[in-house]
Every structure is written in C-alpha cells, then in structure tokens.
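What follows is a short report on a single structure.
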Amino acid sequence: MSNYHIKHLEEYYQVYRKSVRNPEAFWEEIAEEHFVWRKRWDNVLSWDFKKPEIKWFEGAKLNITENCLDRHLPTRGDKTAIIFEPNNPDEEAQHITYRQLHERVCRMANVLLDHGVKKGDRVCIYLPMIPELSVALLACARIGAIHSVVFAGFSSHALGTRINDSDCKVVLTSDGSFRGNKSIDLKGIVDKALEGCPGVANVLVVKRTGSDIHMEPVRDKWLQPLLDEAYADCVAEVMDAEDPLFILYTSGSTGTPKGMVHTTAGYMVYTAYTFKNVFQYKENDVYWCTADIGWITGHSYIVYGPLANGATTLMFEGVPSYPDFGRFWEVVQKHKVNQFYTAPTAIRALAKENLEYVEKYDLSSLRVLGSVGEPINEEAWHWYNNNVGKKNSPLVDTWWQTETGGIMIAPIPYVTPTTPTYATLPFIGIQPALMDENAKEIKGNQVEGRLCIKFPWPSIARTIWGNHDRYRDTYFSAYEDMYFTGDGALRDAVGYYRITGRVDDVIIVSGHNLGTAPIEDAINEHPAVAESAIVGFPHDVKGNALYGYVILKETGESRDRDNLRKEINQQITEHVGPIAKLEKIQFVSGLPKTRSGKIMRRILRKIASNDTSNLGDTSTLLNPEIVQEIMDNSL
Ligand code: WTA
C-alpha cells in the first residue's frame with residue numbers, strides 16, 4: 001500500500017486513521033519518500049495553538065524549486081510543465097518543458113539578484129496569467145525571496161496598501177493585460193500605486209500588450225533584455241523548512257487585508273500530497289485549474305502542487321466568455337484536459353447559456369471535475385456533473401482557505417462516493433470539529449456548528465505578516481486550542497461535511513473574499529456620504545452580491561441618486577477594484593445600531609435578502625424605528 005496515492009475507500013480510512021493516530025510518523029514518511037531535502041529535519045512537528053506557534057520539519061533544509069524543477073530534469077526534462085493558452089484563441093498556445101521552465105526561472109532569479117533582491121526580501125508580483133507569472137513565483141523561491149502576488153484585478157490603492165504592508169522592494173508587472181476583448185493598463189495602475197510606495201526601488205516590466213506606457217527612468221526596466229543577458233543557471237538558496245515562502249493577502253471581517261504567511265517545507269509537502277490524491281493525477285495527464293494565480297488556488301494548485309508532482313499544468317490567460325461561452329470546453333478539447341478545476345460562479349454563469357456551447361466539444365478526456373471557492377449549489381452541481389462530466393467524472397467539491405494553504409475537506413475521486421453540495425470527508429491528516437455557541441464541541445452526526453480544526457496540518461499559515469496578535473485573535477481565540485475557520489458546516493448521518501457559508505462579515509462574491517471594511521471606507525470617502533454599511537445577498541451567478549446602505553450628508557441630499565450610485569461604484573473601483581462594486585445601493589436616513597454603536601448587519605442582511613418575516617430580536621437597538629423605514633424603501 002502506498003500512502004502517497006490512495007486508490008480505494010478502505011485505504012482512505014486506513015491511511016486517515018494512521019494520519020490522525022500518529023501524525024508525526026505519518027507526515028515524516030510522506031516527506032521522506034517523496035521530496036528532496038538538503039538536510040533532514042530534527043523534529044517533525046512542534047505546536048502550540050495558544051501562542052500560536054506551529055513548526056513542521058524543523059531543522060530541515062531545502063529549496064522548493066529543486067522539488068518542483070531540478071529533480072524532474074533527468075526523467076521529465078522534455079515533458080511539458082506548463083501549457084499556456086492565451087486570451088486570444090488565434091494566438092498559439094505555448095508548451096514549456098521542465099527544462100525550459102528551469103532555465104527561465106534561473107534567468108529571472110539572476111535578474112532579481114542583480115537588482116539587489118536577497119533572501120527574505122519581499123517582491124510584489126502584479127502580473128496577468130502569463131507564463132512569467134509562474135516563473136516569477138519560482139524565481140523568488142529560487143533565491144529565498146518572499147513573493148507577494150497581488151491579483152491583477154485589484155486597484156492601485158489596494159496594490160499600494162499591500163506593497164507597503166510587506167515592504168516590497170521590487171515590483172514585477174507587465175505593460176498591460178488582455179481579458180476577453182479588453183486590455184487593461186496594468187503599468188498605469190502600478191505607477192499610481194507607487195506614488196505612495198517609497199520603498200520600491202525597481203519595477204521590472206514584462207511586455208505583453210505592446211501598449212504605450214510610461215517608464216520611469218532608473219526605476220523601471222523592461223524585463224526581456226535583462227532575461228536574455230542573464231546567466232541560465234542559478235544555484236538554489238538553501239532554505240530552512242520554516243522560512244517564509246510567500247505572503248498572500250486575504251480579506252478579514254474588519255480592518256485591512258491580512259498578509260497570510262506560508263512557509264516552505266510543510267506547504268510543499270501538503271500541496272503536493274493533496275494535488276496527487278484529490279485530482280488522482282497520473283503521469284502524462286493534462287491538468288487545468290482555471291483560477292488566477294493571484295489567489296491561493298493558483299499558488300497551490302496551478303504552480304506548487306502540480307509542479308512538485310512533475311505534472312503538466314495549464315495556465316489560461318482569458319475569460320470563460322471570450323470569444324464565446326464555449327471557450328472553456330474548446331480548451332479542454334484542444335489540450336485533452338484530464339482534470340478540470342473551477343469555481344461555482346463560473347459554472348453558474350455558463351449554465352445560463354445555451355447548452356450547445358458545451359455539446360459542441362469533445363470532453364471525453366475529462367476524468368475529474370473540481371469545484372472551489374464557495375458552496376456549490378445543487379443546481380450548479382448537477383449541471384456540471386451532467387453536461388461537463390457526462391455523469392462519468394467524479395465531481396470533487398474541495399473546501400479550503402487561503403489560510404489553510406491546501407485542500408482540507410474533499411472527496412477523493414474514484415474513492416469517496418460523492419453527494420451533491422457536500423465536500424464530504426476530511427482529507428488525510430485533517431481533524432475537523434463542529435462547535436456550538438458555548439464553545440463546546442458538538443459530537444456525533446447530523447449536527448451543525450462552527451467549523452474548527454483541532455490539530456495542525458503541514459500547510460497551515462504560520463502568522464499574519466507584521467501582526468502576530470491579529471493572527472492569534474482571528475483564528476485561535478474563539479475556541480481554545482482550535483483553529484477557527486470562520487465558516488459554518490453540518491455533518492450528516494454518514495459523517496459527510498457540507499459547508500454552509502461564512503459566519504463572519506466576509507462576503508464571497510464570485511468566489512472572491514471581500515471584507516466589508518475596505519469597501520465601506522471607500523464609500524465613505526465620497527464627499528456626499530456620511531456613513532455606509534454593506535452586506536451580501538443571494539445572487540444567481542455570483543453566489544452573493546453586495547448591497548450597500550448609504551447615509552448621505554446634507555449636501556448630498558439634493559443630488560441625483562443614479563449619478564451618486566455611479567460615483568460610489570467608481571470610488572470602490574478605484575479603492576478596491578471592480579470586483580467589489582455594489583449591485584444595489586439604497587439611500588437611508590440611518591442604520592440600525594446597538595447601544596454600543598455597532599451596526600446590526602444581521603438585520604440589514606435579512607432586508608437585502610428579502611427575508612423579513614423574522615428579523616429576530618431588535619430590542620437591543622438604539623433606533624428600532626429605522627428598521628421599518630429601511631424595509632419600506634428596500635430595493
Ligand atoms: C469558502 C479559497 C464552500 C469558505 C480556496 C472559505 C468554500 C473561503 C469552498 C476561503 C467550498 C472555499 N465549499 N465554501 N468548496 N471553498 N469556500 O481564502 O467560506 O479565497 O472560508 O480560499 O471560501 O476562500 P479563500
């Protein structure tokens with residue numbers, strides 16, 4: 001029996017039991033047999049959720065790029081590592097072999113070194129989904145620099161905040177990006193962001209769209225000539241197991257985005273192991289995850305997990321609707337994709353279109369379908385299973401988070417029988433718990449509660465960059481000795497988990513986590529706005545959409561409401577990004593507040609969702625009369 005590749009349900013249970021009874025021995029064996037190390041660890045695990053402090057494979061030395069690249073060269077040097085499918089279907093796809101990828105990573109690593117980037121320095125990456133993006137992550141890892149990828153849909157303000165929060169020294173970007181029939185001026189966004197980022201010494205620019213851009217003398221350089229001149233080999237920096245590999249920002253219920261810090265060895269082991277099993281990857285398969293590398297799904301399951309397994313991973317630059325709604329399926333047919341991993345929001349959008357877009361293409365290569373990012377509703381599950389999988393490819397609904405680094409609850413295809421809308425069983429080594437309001441664990445089946453994890457797994461985030469107290473308060477203070485996920489879940493009669501959604505103020509819109517605070521801050525900066533509150537409400541494609549309640553200042557009262565709505569959304573686009581635009585904006589004279597001055601979002605959520613039959617207890621409100629007014633005028 002190979003613990004690395006699980007093939008039967010009994011084997012899953014057996015390996016699971018082993019991983020829980022003796023986690024150290026279990027992970028030690030996986031780490032030892034499937035990765036290359038410069039030095040072995042002294043200790044497999046030490047942890048304390050109170051501090052919190054978690055260390056895996058302490059004392060070990062390695063470089064993750066040697067595991068993702070160098071070790072494959074003798075056996076897989078000519079195998080395709082990355083297939084690049086451009087936005088424009090008329091542009092030729094690229095097949096980058098492991099040997100070519102290794103060389104490109106080394107060249108870029110040398111360019112970074114030439115620009116003074118050292119081990120531990122932070123590099124911000126703001127790039128579209130082009131091969132240079134994957135190369136950039138690996139180039140940072142090669143020299144021990146910490147990458148901080150910012151999704152290239154974020155605004156200049158959001159980018160600037162993230163650059164400053166982690167003191168990035170260098171920014172990697174491109175002149176522009178292609179998305180469907182649009183092109184976006186990425187460099188212009190970077191220029192604007194850098195007006196407020198004095199710590200950035202250099203901007204290295206990839207040429208993608210060929211658009212006319214400003215290049216700041218000294219600071220800005222075109223990347224290609226530097227890569228051409230750079231040496232094609234670069235000795236990998238020897239890293240400690242617990243050295244940070246990257247920072248990735250995620251939204252919180254309150255305050256600024258949190259820079260989640262992932263470290264090297266545990267992250268590598270866990271993402272590789274989950275990739276192998278959850279996608280049942282076999283040599284020569286073509287795997288495609290449609291996420292953007294700007295999110296954790298792209299980090300773990302486009303770049304590190306697949307490459308650590310020597311897989312062929314497809315990167316797609318475009319959008320599902322361009323040149324038409326058949327694009328995903330055209331790409332599946334063209335590259336004979338075996339595993340396809342996407343988000344429910346994409347499925348719902350495509351399910352609205354004519355079925356011919358799917359039926360036109362030969363999807364017989366598909367063996368595994370995946371879903372991630374938000375709960376998948378029953379209708380979308382069946383549409384995906386029937387029309388894409390032809391009821392023949394298991395659909396794996398994978399629950400996890402930026403903070404968890406890798407997949408936590410998911411079926412193993414061809415092993416775990418699936419049930420629509422259920423993420424099913426915990427992955428190997430994962431010990432979930434459901435908690436009640438009194439912070440007690442709810443045992444048994446057919447129960448519902450708040451989802452926590454009782455024991456560390458190798459890829460748990462180790463801290464929030466620059467704010468360890470916030471890390472403890474957010475994840476380890478609600479329940480003693482537990483990691484709290486922020487999600488609710490139920491466990492059914494057979495022990496399967498179904499994730500019911502966030503229990504905090506994070507709102508998931510089209511699979512993107514949005515915190516209320518930065519959006520409300522953006523709205524409140526509008527000169528006519530006095531105060532605002534946003535909540536989520538159900539939306540048939542986006543999962544949730546944003547509903548804003550806005551109180552105007554006296555000066556704003558005479559303004560045209562539709563214009564104001566446009567201006568408010570413009571304000572949000574500039575501060576956060578277009579993904580955070582409000583679907584509905586209701587102008588109100590007040591917001592329901594508790595006596596301590598907190599906005600009661602629960603009530604606003606119900607009104608936004610048209611679910612006002614039972615508003616719950618409103619007796620603690622300072623201004624209960626406002627509720628009726630808001631309800632009478634709701635949109
Ligand atoms: C939600 C994405 C239900 C959940 C990898 C989680 C899901 C948040 C699922 C993390 C799923 C993710 N079913 N909900 N299969 N996957 N979520 O950090 O609320 O972008 O806490 O990580 O997305 O989103 P993040």
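Per full-length UniProt numbering, the sequence shown starts with residue 1, numbered consecutively.
All residues carry an ideal CB built from backbone N, CA and C; glycine is no exception.
As the structure is a prediction and not an experimental result, all values here were calculated from the model.
For THR345, the enclosing alpha helix (DSSP H) begins and ends at 344-351. As summarised for the stretch 286-314, the continuous alpha helix (DSSP H) elements at least 4 residues long and confined to that stretch are 305-308, given in chain order.
Here the alpha carbons of ALA81 and LEU226 stand approximately 23 Å from one another. Residue side-chain check: ASN354 keeps its Cβ at 7 Å or more from all non-hydrogen atoms of the ligand WTA. For secondary structure counted as the beta strand (DSSP E) over 3 or more consecutive residues, the stretch 351-421 holds these complete runs in sequence order: 368-372 and 395-398. Taking ILE585 as the centre and dropping the five residues before and after it, the same chain places the C-beta of GLY548, VAL550, ARG565 and ILE568 closer than 7 Å to its C-beta, in chain order. The DSSP-derived three-state label of THR65 is helix.
For LEU604, the uninterrupted alpha helix (DSSP H) segment begins and ends at 601-608. By the neighbour-count criterion, in which a residue is buried when 16 or more other Cβ atoms sit within 10 angstroms of its Cβ, LEU514 is buried. Under DSSP, ALA489 shares a beta bridge with GLY449 and ILE499. Around the Cβ of GLY543, a 10 Å sphere holds 16 or more other Cβ atoms; the residue is buried.
Per DSSP, the unbroken alpha helix (DSSP H) holding ASP562 starts and ends at 561-575. For PRO375, the CB falls within less than 7 Å of some heavy atom of the ligand WTA.
Positions of the beta strand (DSSP E) runs, each at least 3 residues long and wholly inside the stretch 91-172, are given as 94-97, 122-126 and 146-149 in order along the chain. Membership of PHE328 in the alpha helix (DSSP H) is indicated by the continuous run 327-335. Remark: the shortest separation between the CB of SER253 and any heavy atom of the ligand WTA does not fall under 7 Å.
Judged by the Cβ position, TRP37 fails to qualify as a neighbour of the ligand WTA at the 7 Å threshold, every heavy atom of the ligand being at least this far. Taking one beta carbon from each stretch, the stretch 108-125 and the stretch 136-150 have 3 or more pairs nearer than 8 Å; the two touch.
DSSP places GLY188 inside the alpha helix (DSSP H), whose first and last residues are 186-194. Here TYR301 is not near PHE340, since their CB atoms are 8 Å or more apart. The shortest CA-to-CA distance from THR573 to any of ILE519, THR620, ARG40 and ALA230 is the one to ILE519. Remark: fewer than three beta-carbon pairs, one from each stretch, lie closer than 8 Å, so the stretch 154-166 and the stretch 105-112 are not flagged as touching.
At least one heavy atom of the ligand WTA is found less than 7 Å from the C-beta of GLY501. Partner residues in the beta bridge of MET260, as assigned by DSSP, are LEU248 and ILE464. VAL20: member of the alpha helix (DSSP H) spanning 9-21, first to last residue. In the displayed model, TRP37 falls within coil according to three-state DSSP, outside both helix and strand. Three or more Cβ pairs closer than 8 Å define a contact, and the stretch 301-317 meets that threshold against the stretch 125-145. SER155 and GLY577 do touch by the CB rule: their CB atoms are close to 5 Å apart, below 8 Å. Per DSSP, the continuous beta strand (DSSP E) segment holding GLY515 begins and ends at 512-515.
Secondary structure of PRO538 (DSSP, three-state): strand. At least one heavy atom of the ligand WTA sits closer than 7 Å to the Cβ of VAL372. If you look at MET268, you'll find it isn't in any beta strand (DSSP E); it sits in the alpha helix (DSSP H) that goes 265-278. Listed as beta-bridge partners of GLU441 by DSSP are MET435. Relative to the ligand WTA, the beta carbon of GLY486 is positioned inside 7 Å of a heavy atom. For a cut-off of 8 Å, the C-beta gap from TRP295 to PHE151 is around 6 Å, short enough to register as a contact. With a threshold of 16 other beta carbon atoms within 10 Å, VAL218 falls short and is exposed.
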